[in-house]
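K.L.:
Anchor point for the sequence shown: position 93 equals 96 in the working numbering, and the numbering is continuous, going up by one each time.
We treat Cβ as the ideally placed atom computed from N, Cα and C, and that holds for glycine.
Remember, predicted model here, so these are calculated numbers, not experimental data.
Structure below; questions to follow.
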Amino acid sequence: PPFFHFPSGAEEAERDICFILGLLAIKVEHQHAICGAGSLPTLVSMVKRYAAGVGGAGPESLCGVSAQTARRVADALTNLAHENSGIKNRVRQEGGVPPLVSLLRAPDGKVQRAVAGSLRTLAFKNDENKGAIVDRGAVALLIQMLRAQDSSIHYEAVGVIGNLVHSSAAIKRRVLEEGALQPVINLLSSPCPDSQREAALLLGQFATADGEYKARIVQRGAVAPLVEMLGHQDVQLREMAAFALGRLAQNADNQAGIVAAGGLAPLLELLESRVGNLQHNAAFALYGLSDNDDNLVEFVRSGAVQRIVASDLVVQASRDCVNKTVKRLQERLSDRALGQILYMAGSTAGGHHAAGGGGGG
Numbered sequence: 004p005p006f007f008h009f010p011s012g013a014e015e016a017e018r019d020i021c022f023i024l025g026l027l028a029i030k031v032e033h034q035h036a037i038c039g040a041g042s043l044p045t046l047v048s049m050v051k052r053y054a055a056g057v058g059g060a061g062p063e064s065l066c067g068v069s070a071q072t073a074r075r076v077a078d079a080l081t082n083l084a085h086e087n088s089g090i091k092n093r094v095r096q097e098g099g100v101p102p103l104v105s106l107l108r109a110p111d112g113k114v115q116r117a118v119a120g121s122l123r124t125l126a127f128k129n130d131e132n133k134g135a136i137v138d139r140g141a142v143a144l145l146i147q148m149l150r151a152q153d154s155s156i157h158y159e160a161v162g163v164i165g166n167l168v169h170s171s172a173a174i175k176r177r178v179l180e181e182g183a184l185q186p187v188i189n190l191l192s193s194p195c196p197d198s199q200r201e202a203a204l205l206l207g208q209f210a211t212a213d214g215e216y217k218a219r220i221v222q223r224g225a226v227a228p229l230v231e232m233l234g235h236q237d238v239q240l241r242e243m244a245a246f247a248l249g250r251l252a253q254n255a256d257n258q259a260g261i262v263a264a265g266g267l268a269p270l271l272e273l274l275e276s277r278v279g280n281l282q283h284n285a286a287f288a289l290y291g292l293s294d295n296d297d298n299l300v301e302f303v304r305s306g307a308v309q310r311i312v313a314s315d316l317v318v319q320a321s322r323d324c325v326n327k328t329v330k331r332l333q334e335r336l337s338d339r340a341l342g343q344i345l346y347m348a349g350s351t352a353g354g355h356h357a358a359g360g361g362g363g364g
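Okay, here's the thing in structure tokens:
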């Protein structure tokens, strides 16, 4: 198309103008001023231009200055729409969603990242935009990006998916049906803590889809990296790992599996952390783990019952959760569980005695 035959330096000027607009749009008062000056239709038309690609060859043909400018346009739209529902709607109404989704196919990783950032912002708490993004086929492209080697790309992709599925059971099902589960689980072992955090949060959301996904998440290898994350120095990572494990612990087999994987001790440490969100997520997870006779022996052996009772909790909701856990533990200390505990105690004592007797002989 003729608009790709720029006078010398014109595209560079557009790129730099978009960069400046993006910086200005960080302030809320500037967002309205920039849009009031009529910039939004122009920015959307630029996105459409770059989605068409050089000579109409599609976004796969973007490179050089064109790729740089496409990235700056996406960044400008991201900052303009940030926490501004009116501008988010206007981007959709101007036809900005389809070309943004198309630009996810661009070969330049920086373009992919910038466009994903725009879609992430547009999808946040906006059901109409979520629907438009999904309907244009973004999910399959985003799932591909989850497997990118570049952590900045898979971080943005998992963030978009998280915003899409939030409060939407239908989109959650679609994302899972299109194959997002395993690449998200794989991100739990990413060297990028931000991607790990987003993946843990997303798995917690997936675990509420329906019962079978709670089991699938565990079967596909999520528990070990989540338990490891409970000991990470990053508070938000620990918080999201406990959140995900709490949702997974609403399944009986998962409850036993989480304890078998060493999840009980680090959850108790979080309960004693004096950080409100950490305590609450840990309390909810422990409440789930307590609903299983196979776990009661470990609760007693590890001193978990005493530590839960003695926990000093910051918020009332956590106290309520712990009180329910203590009540559940009392109720579950049935004849069967007591028999297991007494057998364990007797075996331990007997083992020591036998060892001592053998030495004396």
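Tell me the DSSP secondary structure of Ala151 in three-state form.
P.N.:
Here residue 151 is taken as the residue at index 148 of the sequence shown, counted from 1. The answer is coil: DSSP assigns Ala151 none of H, G, I, E or B.
K.L.:
In three-state DSSP terms, what is Lys30?
P.N.:
For the purposes of this step, residue 30 is taken as the residue at position 27 of the sequence shown. Looking at Lys30 - three-state DSSP - the assignment turns out to be coil, as it is neither helix nor strand.
K.L.:
Spatial neighbours of Ala28 within its chain, please: C-beta separation below 7 Å, excluding the five flanking residues on both sides.
P.N.:
Locating residue 28 in the sequence shown gives position 25, counting from the first residue. Taken in chain order, the residues that qualify are Gln34, Ile37, Ala79, Asn82, Leu83.
K.L.:
Please say whether Ile220 and Leu248 have beta carbons closer to each other than 8 Å?
P.N.:
Position 245 of the sequence shown holds residue 248. Position 217 of the sequence shown holds residue 220. Contact: no.
K.L.:
Short of 8 Å in beta carbon distance, which residues of its chain neighbour Gly260, apart from the five on each side in sequence? Order them along the chain.
P.N.:
Mapped onto the sequence shown, residue 260 falls at position 257. Once the five neighbours on either side are set aside, the close Cβ partners of Gly260 are Val221, Val226.
K.L.:
If you draw a straight line from the alpha carbon of Arg210 to that of Lys175, how long is it in whole angstroms?
P.N.:
Here residue 210 refers to the residue found at position 207 of the sequence shown. Here residue 175 refers to the residue found at position 172 of the sequence shown. Reading off the sequence shown, one finds Ala at residue 210, where the question assumed Arg. Cα-Cα distance, rounded: 10 Å.
K.L.:
Report the rounded CA-to-CA distance for Leu144 versus Leu270, giving the unit in angstroms.
P.N.:
On the sequence shown, residue 144 is found 141 positions in, with the first residue counted as 1. On the sequence shown, residue 270 is found 267 positions in, with the first residue counted as 1. Distance between the alpha carbons of Leu144 and Leu270: 36 Å.
K.L.:
Who are the near neighbours of Gly305 in its chain, counting only those whose CB is closer than 7 Å to its CB and skipping five residues on each side?
P.N.:
By 1-based counting over the sequence shown, the position of residue 305 is 302. Reading the sequence as shown, one finds Ser at residue 305 and not Gly. The residues are Leu267, Ala268.
K.L.:
Does the separation of the CB atoms of Pro62 and Ala109 fall below 8 Å?
P.N.:
Position 59 of the sequence shown, counting from 1, holds the residue named residue 62. Position 106 of the sequence shown, counting from 1, holds the residue named residue 109. Cβ atoms of Pro62 and Ala109: closer than 8 Å.
K.L.:
Considering only their Cβ atoms, is the gap separating Val104 from Ala141 smaller than 8 Å?
P.N.:
As a position in the sequence shown, residue 141 is number 138, starting the count at 1. As a position in the sequence shown, residue 104 is number 101, starting the count at 1. The answer is yes: Cβ separation under 8 Å.
K.L.:
Am I right that Leu179 and Ala212 are in contact with their C-beta atoms under 8 Å? What's the rounded C-beta distance?
P.N.:
The count along the sequence shown starts at 1 and reaches residue 179 at position 176. The count along the sequence shown starts at 1 and reaches residue 212 at position 209. At roughly 6 Å, the Cβ-Cβ gap stays under 8 Å, so Leu179 and Ala212 are in contact.
K.L.:
Just checking my contact of Asn298 with Ala245 at CB under 8 Å: how many whole Å lie between their CB atoms?
P.N.:
Residue mapping note: residue 298 aligns to position 295 of the sequence shown, counting from 1. Residue mapping note: residue 245 aligns to position 242 of the sequence shown, counting from 1. Contact doesn't hold; Cβ gap of about 17 Å is too wide.
K.L.:
Which first and last residues belong to the alpha helix (DSSP H) in which Arg376 is found?
P.N.:
There is simply no residue 376 to check, as the chain begins at 4 and stops at 364 in what is shown.
K.L.:
Counting along the chain, where does the alpha helix (DSSP H) carrying Lys217 start and finish?
P.N.:
Looking up residue 217 in the sequence shown gives position 214. Taken as a continuous stretch (DSSP letters only), the alpha helix (DSSP H) holding Lys217 covers 214-222.
K.L.:
Compute the distance between the beta-carbons of Leu190 and Ser198, then report whether it is under 8 Å.
P.N.:
By 1-based counting over the sequence shown, the position of residue 190 is 187. By 1-based counting over the sequence shown, the position of residue 198 is 195. In contact: Leu190 and Ser198 (Cβ atoms closer than 8 Å).
K.L.:
Looking at Glu131 and Gly162, is the spacing between their C-beta atoms short of 8 Å?
P.N.:
Translated into positions along the sequence shown, residue 162 becomes position 159. Translated into positions along the sequence shown, residue 131 becomes position 128. Not a contact, by the Cβ cut-off of 8 Å.
K.L.:
Just mark Cys66 as buried or exposed, buried being the case when its beta carbon has 16 or more other beta carbons within 10 Å.
P.N.:
Here the question's residue 66 lines up with position 63 in the sequence shown. The residue in question, Cys66, is exposed, as its Cβ has fewer than 16 Cβ neighbours within 10 Å.
K.L.:
If you drop the 5 nearest sequence neighbours on each side, which residues of the same chain put their C-beta closer than 7 Å to that of Asp19?
P.N.:
Counting from 1 along the sequence shown, the entry for residue 19 is found at position 16. Excluding sequence neighbours, Asp19 sits near nothing in its chain.
K.L.:
Between which two residues does the alpha helix (DSSP H) carrying Ala313 extend?
P.N.:
Position 310 of the sequence shown, counted from the first residue, corresponds to residue 313. Run containing Ala313: 307-313, per the alpha helix (DSSP H) assignment.
K.L.:
First and last residue of the alpha helix (DSSP H) that includes Val300?
P.N.:
Counting from 1 along the sequence shown, the entry for residue 300 is found at position 297. Element bounds for Val300: 296-304.
K.L.:
List in chain order: all unbroken alpha helix (DSSP H) runs of 4+ residues lying wholly within the region 12-86.
P.N.:
As far as the region 12-86 is concerned, its whole alpha helix (DSSP H) runs of at least 4 residues are 13-27, 31-39, 42-55, 67-84.
K.L.:
Nearest-angstrom Cα distance between Gly134 and Gln319?
P.N.:
As a first step, residue 134 must be located in the sequence shown, where it is residue number 131. As a first step, residue 319 must be located in the sequence shown, where it is residue number 316. Answer to the nearest angstrom: the Cα atoms are 37 Å apart.
K.L.:
Are the Cβ atoms of Leu43 and Val118 separated by less than 8 Å?
P.N.:
As a first step, residue 43 must be located in the sequence shown, where it is residue number 40. As a first step, residue 118 must be located in the sequence shown, where it is residue number 115. Cβ atoms of Leu43 and Val118: not closer than 8 Å.
K.L.:
How would you call Ile164, buried or exposed, if buried means at least 16 neighbouring beta carbons within 10 angstroms?
P.N.:
One-based indexing of the sequence shown puts residue 164 at position 161. So Ile164 counts as buried.
K.L.:
Hey, could you find the ends of the alpha helix (DSSP H) Ala117 is sitting in?
P.N.:
Here the question's residue 117 lines up with position 114 in the sequence shown. First-last of the alpha helix (DSSP H) with Ala117: 112-126.
K.L.:
Looking at the unbroken alpha helix (DSSP H) that takes in Glu231, where does it start and where does it end?
P.N.:
On the sequence shown, position 228 is the one that residue 231 refers to. 226-232 is the span of the alpha helix (DSSP H), which, as asked, contains Glu231.
K.L.:
Could you tell me which of Gly291, Ala183, Glu272, Val31 sits nearest to Gln309, measuring between CA atoms?
P.N.:
For this step, residue 309 is matched to residue 306 along the sequence shown. Among Gly291, Ala183, Glu272, Val31, the Cα nearest to that of Gln309 belongs to Glu272.
K.L.:
Tell me the rounded alpha-carbon separation between Glu301 and Glu275.
P.N.:
Counted from its first residue, the sequence shown places residue 301 at position 298. Counted from its first residue, the sequence shown places residue 275 at position 272. Their backbone Cα atoms lie some 18 Å apart in a straight line.
K.L.:
Among the candidates Ala307, Gln282, Tyr290, Asp296, whose CA atom is the shortest distance from the CA of Lys327?
P.N.:
Here residue 327 corresponds to residue number 324 of the sequence shown, with the count starting at 1. Among Ala307, Gln282, Tyr290, Asp296, the Cα nearest to that of Lys327 belongs to Tyr290.
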